[in-house]
Structure formats: structure tokens, C-alpha cells
RNA sequence: GUGGGCGUAGCUCAGCUUGGUUAGAGCACCUGGUUGUGGCCCAGGAGGCCGUGGGUUCAAGUCCCAUCGCUCACCCCA
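Residue numbers (the working numbering): 43 to 474.
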């Protein structure tokens, strides 16, 4: 911004509410997370899948559930030029299932293990740990109805959250039964709570009629006490098969020494869940403390037009994981630093410096060349600031004209004068 | 959509209560102390429509109103 700037008051743009720029200083932490996810997924037999950022609106309203808050009021929906209703994806499971069916992955193999990582969009008021554009990674295991599949999925979620977030984490699990046995429970729940309807808030009274399971989400202490006292526990009212499945999942987690709490109030916000649900939370986050949530969704594939296919999955919030890591003192990944700073003491030496820079890079070294024509003092200060292991100084008094340059070790301060064609090998051997 | 808190230098913040000369600090940045040599130290420098608009006043960063933005929480979720 020079004094001659013609319009110093021109309006600047700023990021949209709820969106964030990921600046260079933060990128190493992201890359470390992405690499860890890829490694763990790959070791567990999961393959990455990437799907479009937007889909037909109906995929989400039908897949996630038209009654959910997510679909009802949080989606970024717009019409394309043909009048088709499109939506920026607010979650990924529906998209993955859509791709799974569209490409007939179910016929390639009876079991598909898929994972993903990418941005999602929800139109909510931002707060700590909640953004309008945010990122998740997660996995979907499609094909197995057996509890060992649930255990595999939960254990991967647990391992990743522990590795990435650090600190104390809590895992809660529950079963919400299969649709058949759940219907009976919902009736029972309504009957048990109906007498107290008058004392409930407007919101809770409405949910009692439309979606009584969601009552368990409340933070109102009065409502919590009411539920504690009068609501039957769903895990005690599901079918014997559901109950056996739940017991087997818990036994599997015990075998792996994964600590968990069975929580009868853990219900999830999306309509497609069946049987197992789980959630991993961190005490260092704010009100939005869930790092990861997931569960079984045996009905979704059929709901989206496919053959009846049992499935389990989870999704983890990347920003929340990174936030938890920072808050719990988990050390961030170090930034990458260059091997060499290429300095020159005179303008006439710049061509030689450029040529040597090129040679060093061809030799596999990372090199930053001075392009500001600053004083040598300023150039070395820059080299130091960047954390360069070596500085190469192209200088005339010492003999650049005789094909020599100075190699300075920035850690020890030692420097030696070497022929230009020996410098690559010298630095490479010093770096080991 | 509803509440609370906060907007002063690139960053983190003092100053506002009780209006009064040229608005400060730390860090970061630049220059010099070294006539090509970084870090530490010392000296100097640059950098501010005090978010924006209006009002009160002889006088507003400071008081009042509005507005925009950020943030935390509710709702809900990763």
C-alpha cells in the first residue's frame, strides 16, 4: 500500500461468516492429520472415495430425513439454471451411499470399506467448534450386519481421535434398536412422558409428538431430571436380536481395552441410524464438544433405492480435532524449513546465484533464493528466520569470478569457500 | 432466529470509569552499531479515518444512539 495508492479507502473483502482461511502456518498441522488418517485407514483396509461438493437436494432430504434440523434449516440450497434444486453437502454419508449405488460397488464385492475427507456446509450461527464450512473425515463400511464390524469402526474412530486430539477423551455408546423394535419403544416413551407435557417448553412438547427420541438431546436440567426419572431406557426395550448385537459390540470393545460408557440418552440427530450409536467428546472444547459421531444405518441404502444393505460409519470434525489438540497442548507439526538460502552480494552475481540455485534443487535440496537485492546482513537474517540449515554466499571479493562461493553452516556458523561444482555434494553429505 | 461480551499499530492488548496538548506498550518489521556475515544485546525508524455513521459538547478513542463485524452461548451438531 504505497502513499500514491489512488483509492486508499476502497472496500476490502473479508471472509464470509463461518468460513476460515487456512494460512501457511496452519497447513503443517492439517497435512499431519491428513497423513495420519490415510495411514490408519489404509492399514485397516479402507479405500478413499471422493464425491462432489454438491448434490441434488432430494438426496439429503430423503437420506438424512426431512424432519431433521440439518435438512429443515441448515442446508445451503440453490437452483441451477435449469431450475434443479441443488445443495452443498451438509454431511457425507448420503453422498457416499449414492456413489456406492451409482457405480454398483455392491456388486463388485459384498463388502465395501470406504473413507473420505473433505469440506461440508451447514448454515448455522457459528460458535466455538462450529463453522459454516468445516471439514470432516470419516468412513463407511457397507455390507456387514455383524457386531465385529461395529467394533472395527468404533476402534478406528477411537484410535484416530486419540492420536490426533490428545488429552482425555470420552466415548459413549448406545443402541437405538432396529426400526421394528424402536416403534414400540417410541409409543412407550410417549405414553410415559405425556402426563408431563404441560410442564415442558414449547420445543420439547412439539418434539414429544414428532420425534420423541430427540428429547434426550436437551440441556435443560429440569427436562433432564424428568427424563432420568420417567423415561424408559431404550436399550432395555429393543428386540432380543438388537440386544444381543449391542452386548456383542460392548464385549468387542472390552477385548480391545477401549473405554466407553453406555449412555441410554445418546441419540443422534440424523434419521438413518439404527442399533449402535456412538460419540467421542473432548472436555477441552466448548459447548460443541463432539469430535466424532457415528453408528449403524442398516436402512439407508434401501432408503436411497438400493438393495437392503447393512452399514456402519462415523464422521469426525477436523477443525474440532485440531482445536482439541491445541487446547490440550498436543504439539503441532513443525513447519518445513529450507535446506539452503542462496545469497548474493552484488547484482552482477545474481545470474550465477540463480544457476547454482537450480543445480542445488536438481540435487534434491530445498533452496530459497534472495530476490529482494537486500544487504547481506538482511539476507542472512532472512536465512536465519526461515530456519535454513546452510547459506550459500555468492560474493565477488572472495572469488565468485574464479568459480567459488562461500558455504556457511547456519547452526555452527562455520563457513568454507568451495568451487561451485562441489557445493551440491558438500551440502548433501553434511545434511546426511 | 434469540441473548451476553468485544471492536485502538501486522499480532496481543493498555488508555474509556471521572471527555482536555503531538494516542501508548510488548512482540513482529526496517535501518544502524560490523566499508559484503544471521541469532543475543544496544540505538534509532516506520507503521493508527481509535470498526462505520450520526448526536451531545468549546472539546469525543473516552459520553449517547444507530449500524456493521467478530466472538461465546441457546437451538442443533462434527
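Ideal placement from N, C-alpha and C gives every residue a C-beta, glycine not left out.
The structure displayed is predicted, hence computed values, not measured ones.
Of the residues the options, which one's Cα is nearest the Cα of residue i?
{"i": "residue 128", "options": "402, 113, 331 and 363", "result": "113"}
{"i": "residue 345", "options": "392, 66, 135 and 118", "result": "135"}
{"i": "residue 91", "options": "65, 122 and 160", "result": "160"}
{"i": "residue 87", "options": "198, 188 and 150", "result": "198"}
{"i": "residue 444", "options": "463, 399 and 282", "result": "463"}
{"i": "residue 142", "options": "428, 343, 202 and 232", "result": "343"}
{"i": "residue 303", "options": "389, 375, 216 and 190", "result": "216"}
{"i": "residue 382", "options": "96, 124, 241 and 399", "result": "399"}
{"i": "residue 446", "options": "386, 56 and 218", "result": "386"}
{"i": "residue 461", "options": "455, 436, 117 and 473", "result": "436"}
{"i": "residue 202", "options": "404, 64, 84 and 371", "result": "84"}
{"i": "residue 281", "options": "109, 348, 226 and 416", "result": "226"}
{"i": "residue 418", "options": "408, 404 and 448", "result": "448"}
{"i": "residue 356", "options": "178, 64 and 299", "result": "178"}
{"i": "residue 354", "options": "332, 331 and 318", "result": "318"}
{"i": "residue 305", "options": "275, 392 and 232", "result": "275"}
{"i": "residue 31", "options": "273, 126 and 248", "result": "An answer regarding residue 31 cannot be provided, because it is not within the stretch 43 to 474 covered by the chain."}
{"i": "residue 158", "options": "332, 175, 422 and 80", "result": "80"}
{"i": "residue 315", "options": "438, 337 and 73", "result": "337"}
{"i": "residue 74", "options": "369, 363 and 401", "result": "363"}
{"i": "residue 223", "options": "279, 470 and 457", "result": "279"}
{"i": "residue 335", "options": "192, 140, 108 and 68", "result": "192"}
{"i": "residue 76", "options": "375, 173, 153 and 125", "result": "375"}
What residue does the beta strand (DSSP E) around residue i start on, and which one ends it?
{"i": "residue 121", "result": "118-121"}
{"i": "residue 452", "result": "Unbroken run through residue 452: none, as it is neither H nor E."}
{"i": "residue 154", "result": "154-163"}
{"i": "residue 409", "result": "409-411"}
{"i": "residue 433", "result": "432-436"}
{"i": "residue 215", "result": "212-217"}
{"i": "residue 386", "result": "382-386"}
For residue i, count neighbouring Cβ atoms within 10 angstroms of its own Cβ and tell me buried if that reaches 16, exposed if not.
{"i": "residue 236", "result": "exposed"}
{"i": "residue 378", "result": "exposed"}
{"i": "residue 71", "result": "buried"}
{"i": "residue 46", "result": "For residue 46, the predicted model reports a pLDDT of 34, less than 50, meaning its position is unreliable; a value from the coordinates is still stated below. So residue 46 counts as exposed."}
{"i": "residue 450", "result": "buried"}
{"i": "residue 49", "result": "With a pLDDT of 44 at residue 49, under the threshold of 50, the modelled position of this residue cannot be trusted, and the question is left open."}
{"i": "residue 168", "result": "exposed"}
{"i": "residue 180", "result": "buried"}
{"i": "residue 264", "result": "exposed"}
{"i": "residue 328", "result": "exposed"}
{"i": "residue 432", "result": "buried"}
{"i": "residue 320", "result": "buried"}
{"i": "residue 218", "result": "buried"}
{"i": "residue 162", "result": "buried"}
{"i": "residue 373", "result": "exposed"}
{"i": "residue 324", "result": "buried"}
{"i": "residue 455", "result": "exposed"}
{"i": "residue 413", "result": "exposed"}
{"i": "residue 121", "result": "exposed"}
{"i": "residue 137", "result": "buried"}
{"i": "residue 176", "result": "buried"}
{"i": "residue 55", "result": "exposed"}
{"i": "residue 472", "result": "exposed"}
Could you name the residues that DSSP lists as bridge partners for residue i?
{"i": "residue 354", "result": "183 and 338"}
{"i": "residue 132", "result": "Residue 132 pairs with nothing; no bridge assigned."}
{"i": "residue 426", "result": "Paired residue(s): none; residue 426 is not in a bridge."}
{"i": "residue 177", "result": "161"}
{"i": "residue 139", "result": "Beta-bridge pairing links residue 139 to no other residue."}
{"i": "residue 447", "result": "460"}
{"i": "residue 172", "result": "169"}
{"i": "residue 28", "result": "For residue 28 there is no data in the structure shown, the boundaries of the chain being 43 and 474."}
{"i": "residue 332", "result": "323"}
{"i": "residue 56", "result": "DSSP lists no partner for residue 56."}
{"i": "residue 127", "result": "121"}
Which stretch, first to last residue, makes up the alpha helix (DSSP H) that contains residue i?
{"i": "residue 466", "result": "465-473"}
{"i": "residue 414", "result": "From DSSP, residue 414 is part of no alpha helix (DSSP H); its letter is neither H nor E."}
{"i": "residue 477", "result": "In the structure as shown, the chain begins at 43 and stops at 474. Residue 477 is therefore absent and cannot be evaluated."}
{"i": "residue 366", "result": "360-369"}
{"i": "residue 148", "result": "147-150"}
{"i": "residue 263", "result": "263-272"}
{"i": "residue 398", "result": "392-404"}
Should residue i be counted as a contact of the ligand ADP given a C-beta to heavy atom distance under 7 Å?
{"i": "residue 389", "result": "As far as ligands go, the structure on display features none, and thus does not contain the ligand ADP."}
Runs of beta strand (DSSP E) lying entirely within the region 66-120, each at least 3 residues, in chain order: 96-98
If you scan the region 279-318 from start to end, which runs of the alpha helix (DSSP H) of 4 or more residues do you find wholly inside it? Fully enclosed alpha helix (DSSP H) runs of 4 or longer: 282-297.
Report the start-end ranges of each alpha helix (DSSP H) in the region 222-258 that is 4 residues or longer and not cut off at the edges. 244-252
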